[in-house]
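Student: Protein chains in written order, with the working numbering: chain C, 311 to 423; chain A, 186 to 302.
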């Protein structure tokens, strides 16, 4: 079945550091890929998504590229801020899956001054 | 953007009692809502798909008689944990599906923390 693997956290960075959170997936067909962010005390919010190979999703300075050859969708940001501290979830939705999402375990990011 | 609320945000109950959790789409209608369960340091696990006006579709391994789902209107779905036990303690999250310019998207509620004593 479908699965998503992402790096364990917490990841602790200094402000303005470069961020990478790795995400790889296993799925049949051509899934859509997502990154969600969960700020403390809030629900999950869609951060970005990509629906086909080589697509790049971007939002708020975050980027991720759909790499079919490596089945990966790594999240990157060039310069993190304290306000980026949150839990980040990688997820996929398989073709014909009825919009169901399969999530990774989440990676907590802590950004310090 | 689309807003989904959950009530209550936190509930503590005694073993053997039933607990109802509400999920509401506040500014849009949702024919489909999803219920997830999240254990500490683990991913969100889909429990069931809730469709307005019809029976919910449960994922494999989820007891439908234990977790009763009712999607009575286009803006409300409820999850009732019947005869709750300590192992049911968890974080329950709902989402509501709606169409956007980029395709269908799930909007998530803030979650409900259930603690069964």
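Virtual Cβ for every residue (Gly too), placed ideally from N, Cα, C.
Keep in mind it's a predicted model, so treat the numbers as computed, not measured.
Answer yes or no: do residue 191 (chain A) and residue 297 (chain A) have a C-beta to C-beta separation smaller than 8 Å?
Tutor: Locating residue 191 (chain A) in the second chain gives position 6, where the first residue counts as 1. Locating residue 297 (chain A) in the second chain gives position 112, where the first residue counts as 1. Yes, the Cβ-Cβ distance between residue 191 (chain A) and residue 297 (chain A) is below 8 Å.
Student: Following the continuous beta strand (DSSP E) through residue 423 (chain C), name the residue where it begins and the one where it ends.
Tutor: Locating residue 423 (chain C) in the first chain gives position 113, counting from the first residue. Note, residue 423 (chain C): premise wrong, no beta strand (DSSP E); not H, not E.
Student: Would you say residue 352 (chain C) lies against chain A (beta-carbon separation less than 8 Å)?
Tutor: Indexing the first chain from 1 puts residue 352 (chain C) at position 42. Answer yes: the Cβ-Cβ gap between residue 352 (chain C) and chain A drops below 8 Å somewhere.
Student: In whole angstroms, what is the alpha-carbon distance linking residue 248 (chain A) and residue 348 (chain C)?
Tutor: Indexing the second chain from 1 puts residue 248 (chain A) at position 63. Indexing the first chain from 1 puts residue 348 (chain C) at position 38. Each residue's alpha carbon lies about 28 Å from the other.
Student: So who's on the other strand from residue 241 (chain A), going by DSSP bridges?
Tutor: Here the question's residue 241 (chain A) lines up with position 56 in the second chain. Residue 241 (chain A) pairs with nothing; no bridge assigned.
Student: In the DSSP output, what is residue 290 (chain A) paired with across the bridge?
Tutor: Translated into the one-based positions of the second chain, residue 290 (chain A) becomes position 105. The partner list for residue 290 (chain A) (beta bridge, DSSP) reads A:283.
Student: Around the Cβ of residue 366 (chain C), are there at least 16 other Cβ atoms within 10 angstroms (buried) or fewer (exposed)?
Tutor: The residue given as residue 366 (chain C) occupies position 56 in the first chain. Burial call: exposed.
Student: Can you grab the Cα-Cα spacing for the pair residue 317 (chain C) / residue 328 (chain C), in whole Å?
Tutor: In the first chain, counting from the first residue as 1, residue 317 (chain C) sits at position 7. In the first chain, counting from the first residue as 1, residue 328 (chain C) sits at position 18. One C-alpha to the other measures close to 16 Å.
Student: When the Cα atoms are used, what is the spatial distance from residue 312 (chain C) to residue 383 (chain C)?
Tutor: Start at 1 with the first residue of the first chain, and residue 312 (chain C) comes out as number 2. Start at 1 with the first residue of the first chain, and residue 383 (chain C) comes out as number 73. Looking at the two C-alpha atoms, the distance is approximately 15 Å.
Student: Relative to the alpha-carbon of residue 357 (chain C), which residue among C:415, C:385, C:338 and C:410 has its alpha-carbon at the smallest distance?
Tutor: The residue labelled residue 357 (chain C) in the question sits at position 47 within the first chain. Considering only alpha carbons, the answer is C:385.
Student: Is the beta carbon of residue 326 (chain C) sitting closer than 8 Å to the one on residue 395 (chain C)?
Tutor: Here residue 326 (chain C) corresponds to residue number 16 of the first chain, with the count starting at 1. Here residue 395 (chain C) corresponds to residue number 85 of the first chain, with the count starting at 1. For residue 326 (chain C) and residue 395 (chain C), no; Cβs fall outside 8 Å.
Student: If you run the structure through DSSP and keep just helix, strand and coil, what is residue 373 (chain C)?
Tutor: For the purposes of this step, residue 373 (chain C) is identified with residue 63 of the first chain, where counting begins at 1. Strand at residue 373 (chain C).
Student: So, using beta-carbon positions, are residue 269 (chain A) and residue 208 (chain A) closer together than 8 Å?
Tutor: As a working note, residue 269 (chain A) is residue 84 in the second chain. As a working note, residue 208 (chain A) is residue 23 in the second chain. For residue 269 (chain A) and residue 208 (chain A), no; Cβs fall outside 8 Å.
Student: Please classify residue 224 (chain A) as buried or exposed, where buried requires at least 16 other C-beta atoms within 10 Å of its C-beta.
Tutor: Taking the second chain and counting its residues from 1, one reaches residue 224 (chain A) at position 39. It counts as exposed.
Student: List the residues of chain C whose Cβ lies closer than 8 Å to the Cβ of residue 295 (chain A), in chain order.
Tutor: Locating residue 295 (chain A) in the second chain gives position 110, counting from the first residue. By Cβ distance, chain C contributes 351, 352 and 353.
Student: In the DSSP assignment, find the unbroken beta strand (DSSP E) run with residue 221 (chain A) in it and report its ends.
Tutor: To locate residue 221 (chain A), count along the second chain from 1; it is residue 36. From DSSP, the beta strand (DSSP E) with residue 221 (chain A) extends over 217 to 223.
Student: Which bits of chain A does residue 410 (chain C) rub up against, with CB to CB less than 8 Å?
Tutor: Along the first chain, one-based indexing puts residue 410 (chain C) at 100. Under the 8 Å cutoff, chain A gives 219, 231 and 234.
Student: In angstroms with no decimal places, state the Cα-to-Cα distance between residue 205 (chain A) and residue 364 (chain C).
Tutor: As a first step, residue 205 (chain A) is located in the second chain; it is residue number 20 there, counting from the start. As a first step, residue 364 (chain C) is located in the first chain; it is residue number 54 there, counting from the start. One C-alpha to the other measures close to 44 Å.
Student: Between the stretch 369 to 399 of chain C and chain A, which residues of the former have a C-beta closer than 8 Å to a C-beta of the latter?
Tutor: Residues 399.
Student: For residue 423 (chain C), which residues in chain A fall below 9 Å Cβ to Cβ?
Tutor: Start at 1 with the first residue of the first chain, and residue 423 (chain C) comes out as number 113. Chain A residues near residue 423 (chain C): none, gap ~26 Å exceeds 9 Å.
Student: May I ask you to list the residues that DSSP assigns as paired with residue 275 (chain A)?
Tutor: Counted from its first residue, the second chain places residue 275 (chain A) at position 90. Partner(s): A:299.
Student: Taking residue 292 (chain A) as the reference, give the member of A:251, A:214 and A:241 with the closest Cα.
Tutor: On the second chain, residue 292 (chain A) is found 107 positions in, with the first residue counted as 1. It is A:214.
Student: Mark residue 417 (chain C) as exposed unless 16 or more other C-beta atoms lie within 10 angstroms of its C-beta, in which case mark it buried.
Tutor: Numbered from 1 along the first chain, position 107 holds the residue referred to as residue 417 (chain C). Residue 417 (chain C) comes out buried.
Student: Classify residue 390 (chain C) as helix, strand or coil using the three-state DSSP reduction.
Tutor: What you label residue 390 (chain C) is simply residue 80 of the first chain in a count that begins at 1. Coil, per DSSP.
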